[in-house]
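Colleague:
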Amino acid sequence: MMLMQSDIITVLLIAIVIGLLAYLIKSSLDYSKERKEIMEKESRPVKIIAVASCQQNDYTMEREFREGDFIGKIDGACPKCGSQMIIIKIYSLYMETPQKSFKLQLR
Ligand SMILES: [Zn+2]
């Protein structure tokens, strides 16, 4: 009788372990699928633009973001009046599709 009971428990345990494994495998597959979708979205080419404005507000320029840029950073001198240029905005752009971005690359 004791042996029968422990056999049933063993079978139950195995069933639970198999169920858990199946669940883990399924969720890890779902996770990697999700992850892949996120990667695909993230791999869309993005351009980060920093906008700098002269302290006298007579000149504004946009350029590509460089490492270490932040809003409020002094970014050189104004070509018009020589005052300090300060970064006032940083934003990202999705690049257009390769066919359309041809014009951008010509720059
Ligand atoms: Zn200026």
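In my numbering, the protein residues as written are 20 to 126.
Quick reminder that beta carbons are idealized off the backbone N, C-alpha and C, glycines included.
Could you tell me the boundaries of the beta strand (DSSP E) in which Y78 lies?
Modeller: In the sequence shown, residue 78 corresponds to position 59, counting from 1. Run containing Y78: none; DSSP gives neither H nor E here.
Colleague: Under 7 angstroms between the Cβ atoms of A136 and F84?
Modeller: The structure shown has nothing for residue 136, since the chain only spans 20 to 126.
Colleague: Using 8 angstroms as the cut-off, can you tell me whether the region 72 to 79 makes contact with the region 90 to 110, which would need three or more C-beta pairs spanning the two stretches below that distance?
Modeller: yes
Colleague: Distance check for L31 and Q24, CA to CA, integer angstroms please.
Modeller: As a position in the sequence shown, residue 24 is number 5, starting the count at 1. As a position in the sequence shown, residue 31 is number 12, starting the count at 1. Cα to Cα, the separation comes out at about 11 angstroms.
Colleague: Leaving aside the five residues before and after D27 along the sequence, list all residues of the same chain whose C-beta is less than 7 angstroms from its C-beta, in chain order.
Modeller: Walking along the sequence shown from the start, residue 27 turns up at place 8. Asp is not the amino acid found at residue 27; the sequence shown has Ile there. If we look at I27 and ignore the five residues flanking it on each side, it has no Cβ neighbours.
Colleague: Enumerate in chain order the residues of its own chain whose CB-to-CB distance from Y110 is below 8 angstroms, with the five nearest sequence positions on each side excluded.
Modeller: By one-based count along the sequence shown, residue 110 stands at place 91. Cβ within range, chain order: I67, I68 and V70.
Colleague: Grab the span of the beta strand (DSSP E) containing S111 for me, first residue to last.
Modeller: Here residue 111 refers to the residue found at position 92 when the sequence shown is read from its first residue. First-last of the beta strand (DSSP E) with S111: Q103 to Y113.
Colleague: Hey, would you say the C-beta of Y113 is under 6 angstroms away from at least one heavy atom of ligand 1?
Modeller: By 1-based counting over the sequence shown, the position of residue 113 is 94. No, the Cβ of Y113 stays beyond 6 angstroms of every heavy atom of ligand 1.
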